[in-house]
Amino acid sequence: MDRRAIDAPHDAPAVAKLPDTDDGLPGAGPLRRYDWFRNLWRQKRLAWAGRVQQDKGVVVFLGDSITQGWGDNLGNSFPGLKVANRGISGDTTRGMLYRLKEDVLDLSPKAIVLLAGTNDIEEKATPEVIAGNVKLLLAAFKAYNPNLPVIVCQVMPSHASKSRSKETITKLNGLIAALVKDQPQVTLVDTWTPFADAEGNAKKEEFPDLLHPNAAGYKKWAEALRPVFAQLKLTAL
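Note that our numbering has the sequence shown beginning at 5, numbered continuously upward.
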């Protein structure tokens, strides 16, 4: 794995800047560089740089807009559990690899919840490329702490009209399931089946735009995670 993400400078403004090119970046596939994404990336990461000490020892949620959309109060869904939301809308698995050290590992996490890959699909990355980046993320978690509990959520259903077909998502989820099969510190959570309708698309009553969950969707996601947290002795049911 390329060490650029791990060895990125500790100067917050420098760290918060989105790399201008892919040269030397870990992983493969897309890293978004739209103006809105650059601004959001910088805004979020600068704010988090000032919270490192405050957020030490938390359960870190790493992801994209689906994670970001849960908000900073996502801990309300898990009483007694200290959490930090490190989701950035629009982010890809490659972006998560790049920002992993400062946004996640520097917090000395108690556990990590990962949901990633839907934006890679929209950017036309193949399931194999996306799974390769997830493999690198898992390797980085294990290198940091072989006993660190990692909870991997399957990519949630969406719709072909969102450039995220059922076939692509299910293929990616199968590859991710194979990756984690022999890793005892990793727990795979089925966050596809509960949200999929009979055709394998997102349910409108939980994903009004067929991509992002509403309150009912987040409630169901929390219900899927609570027993896992309890099993890992992170919190009571």
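C-beta: ideal position from N, C-alpha, C; glycine also.
Which listed residue (the options) has its alpha carbon closest to that of residue i
i	options	result
Pro30	Ala143, Trp40, Gly75, Pro113	Ala143
Lys60	Ile180, Lys114, Asn137	Lys114
Arg103	Pro23, Tyr222, Ala226, Ser169	Pro23
Asp39	Gly94, Lys208, Asn205	Gly94
Asp124	Val117, Lys146, Arg98, Leu118	Arg98
Ile70	Asn177, Lys86, Gly91	Gly91
Leu212	Lys166, Ala147, Glu171, Leu176	The question names Leu, but residue 212 in the sequence shown is Pro. Answer by Cα proximity: Lys166.
Leu119	Ala51, Pro188, Cys157	Cys157
Ala129	Ala32, Ser162, Ala202	Ala32
Ile116	Leu214, Val133, Val184, Leu152	Leu152
Ala200	Val159, Val154, Val184	Val159
Gln235	Ala51, Val190, Val64, Leu141	Val190
Lys105	Arg168, Pro161, Thr122, Ala53	Ala53
Lys170	Ala206, Leu141, Leu101, Leu229	Ala206
Gln72	Val87, Ile173, Pro188	Val87
Endpoints, the alpha helix (DSSP H) within which residue i is located
i	result
Val184	170 to 184
Leu29	Leu29 -> no alpha helix (DSSP H), and no H or E assigned at all.
Leu78	That residue, Leu78, is in no alpha helix (DSSP H); it is neither H nor E in DSSP.
Thr25	Unbroken run through Thr25: none, as it is neither H nor E.
Arg42	39 to 53
Lys105	104 to 107
Gly94	No alpha helix (DSSP H) contains Gly94, which DSSP labels as neither H nor E.
Pro231	219 to 235
Glu127	Unbroken run through Glu127: none, as it is neither H nor E.
Beta-ladder partner(s) of residue i, from DSSP
i	result
Phe65	Asn89, Val117
Ile70	Answer by DSSP bridge pairing: none, since Ile70 is not bridged.
Ile155	Val117, Thr191
Ala206	Ala200
Distance between beta carbons of residue j and residue i, contact taken as under 8 Å
i	j	result
Asp107	Arg49	7 Å
Val232	Val193	6 Å
Ala220	Glu209	7 Å
Lys175	Pro131	5 Å
Asn137	Leu101	6 Å
Leu238	Val63	6 Å
Range covered by the beta strand (DSSP E) that runs through residue i
i	result
Thr191	190 to 193
Val133	Element bounds for Val133: not the beta strand (DSSP E) but the alpha helix (DSSP H), 131 to 148.
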